[in-house]
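K.L.:
Sharing a structure here in structure tokens format.
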DNA sequence: AGAGCATTATCTGAATTTAAGATAACTGAA
DNA sequence: TTCAGTTATCTTAAATTCAGATAATGCTCT
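Residue numbers (our numbering), protein chains in the order written: chain A, 1 to 80; chain B, 81 to 160.
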């Protein structure tokens with residue numbers, strides 16, 4: 001297991017998060033503020049340098065206003 | 081963000097993973113083998129000592145035969 | 001073109017997490 | 001109680017992640 005960074009699903013996850021942040025009209029700095037984190041945190045997340053855990057994903061869905069189970073559905077269709 | 085370990089959602093996630101592994105009739109050792117990991121890896125996961133990332137969650141869903149988007153739906157209902 | 005501003009990416013130690021592998025503890029059946 | 005199967009914990013090395021700063025990139029306006 002261990003290395004999920006850079007897999008097709010991970011890349012798709014990132015793309016989804018970026019798209020959702022942009023759709024919400026937020027900058028990395030603004031999202032970071034909502035999360036109580038630095039902008040570099042969001043940058044590392046979105047540049048694939050850091051894994052996204054399940055609980056964080058749910059928080060992000062809440063903040064960005066997307067449906068986590070629908071998003072998961074999309075991701076699950078991607079070939080691992 | 082950062083600390084998602086031990087949150088209500090994290091505990092629920094773990095409970096779900098354990099239930100699904102048991103429903104699949106697998107021991108930690110057997111699941112570990114499928115994952116290419118040690119039994120202690122699964123133990124740490126299930127005892128809440130390690131975060132579960134989104135991509136791993138999808139892999140686990142595949143191996144344990146559960147629907148990740150349905151599982152996510154359950155988790156998302158839990159108060160954060 | 002370029003000045004200025006907003007936005008995103010990268011860098012550097014330090015702190016935190018994670019892993020391997022072994023061993024200990026627990027559980028239940030005979 | 002003993003034994004086998006299963007799960008939990010320990011140790012230390014390795015890998016991630018972080019804070020905070022700075023650099024790079026991209027707009028927009030003139």
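Glycine included, each C-beta is placed from N, C-alpha and C at the ideal position.
Predicted model only: the values in this text are computed from it and were never measured.
Using a beta-carbon distance cut-off of less than 8 Å, what residues from the region 46 to 66 of chain A approach chain B?
P.N.:
Those would be 51, 52, 53, 54, 55, 56, 57, 58, 59, 61 and 62, in chain order.
K.L.:
Could you work out which residue in A:75, A:46, A:65 and A:66 is closest to residue 28 of chain A when comparing CA atoms only?
P.N.:
Reading the first chain from its first residue, position 28 is the one you call residue 28 of chain A. Here the closest residue by C-alpha is A:46.
K.L.:
Apply the 10 Å Cβ neighbour rule to residue 136 of chain B and answer buried if 16 or more other Cβ atoms are within range, or exposed otherwise.
P.N.:
By one-based count along the second chain, residue 136 of chain B stands at place 56. Classification of residue 136 of chain B: buried, given that the 10 Å Cβ count is 16 or more.
K.L.:
Go ahead and pull the three-state DSSP assignment for residue 67 of chain A.
P.N.:
As a working mapping, residue 67 of chain A is identified with position 67 in the first chain. Of the three classes helix, strand and coil, the one that applies to residue 67 of chain A here is coil, per DSSP.
K.L.:
Name the residue from B:87, B:95 and B:83 whose alpha carbon lies nearest to the alpha carbon of residue 122 of chain B.
P.N.:
On the second chain, position 42 is the one that residue 122 of chain B refers to. Among B:87, B:95 and B:83, the Cα nearest to that of residue 122 of chain B is on B:95.
K.L.:
Using alpha carbons as the reference points, say which of A:65, A:69, A:35 and A:24 lies closest to residue 153 of chain B.
P.N.:
Position 73 of the second chain holds residue 153 of chain B. Checked all of A:65, A:69, A:35 and A:24; the closest Cα to residue 153 of chain B is A:69.
K.L.:
Out of curiosity, what's the CA-to-CA distance linking residue 13 of chain A and residue 19 of chain A?
P.N.:
Reading the first chain from its first residue, position 13 is the one you call residue 13 of chain A. Reading the first chain from its first residue, position 19 is the one you call residue 19 of chain A. Distance between the alpha carbons of residue 13 of chain A and residue 19 of chain A is about 10 Å.
K.L.:
How would you call residue 77 of chain A, buried or exposed, if buried means at least 16 neighbouring beta carbons within 10 angstroms?
P.N.:
Locating residue 77 of chain A in the first chain gives position 77, where the first residue counts as 1. Under this definition residue 77 of chain A is an exposed residue.
K.L.:
State yes or no: is the C-beta of residue 6 of chain A within less than 8 Å of the C-beta of residue 65 of chain A?
P.N.:
Taking the first residue of the first chain as 1, we reach residue 6 of chain A at position 6. Taking the first residue of the first chain as 1, we reach residue 65 of chain A at position 65. Not a contact, by the Cβ cut-off of 8 Å.
K.L.:
Taking C-beta pairs closer than 7 Å, name the residues in chain A that residue 84 of chain B reaches, listed in chain order.
P.N.:
Indexing the second chain from 1 puts residue 84 of chain B at position 4. Going along chain A in sequence order, the residues near residue 84 of chain B (Cβ under 7 Å) are 53, 55 and 56.
K.L.:
Measure the Cβ-Cβ separation of residue 106 of chain B and residue 140 of chain B and say whether it is below 8 Å.
P.N.:
Taking the first residue of the second chain as position 1, residue 106 of chain B is located at position 26. Taking the first residue of the second chain as position 1, residue 140 of chain B is located at position 60. No, Cβ-Cβ distance for residue 106 of chain B and residue 140 of chain B is not below 8 Å.
K.L.:
Would you list, in sequence order, the uninterrupted alpha helix (DSSP H) runs of no fewer than 4 residues that lie entirely inside the region 5 to 78 of chain A?
P.N.:
Runs found: 8 to 23, 28 to 35, 39 to 46, 54 to 64 and 68 to 76.
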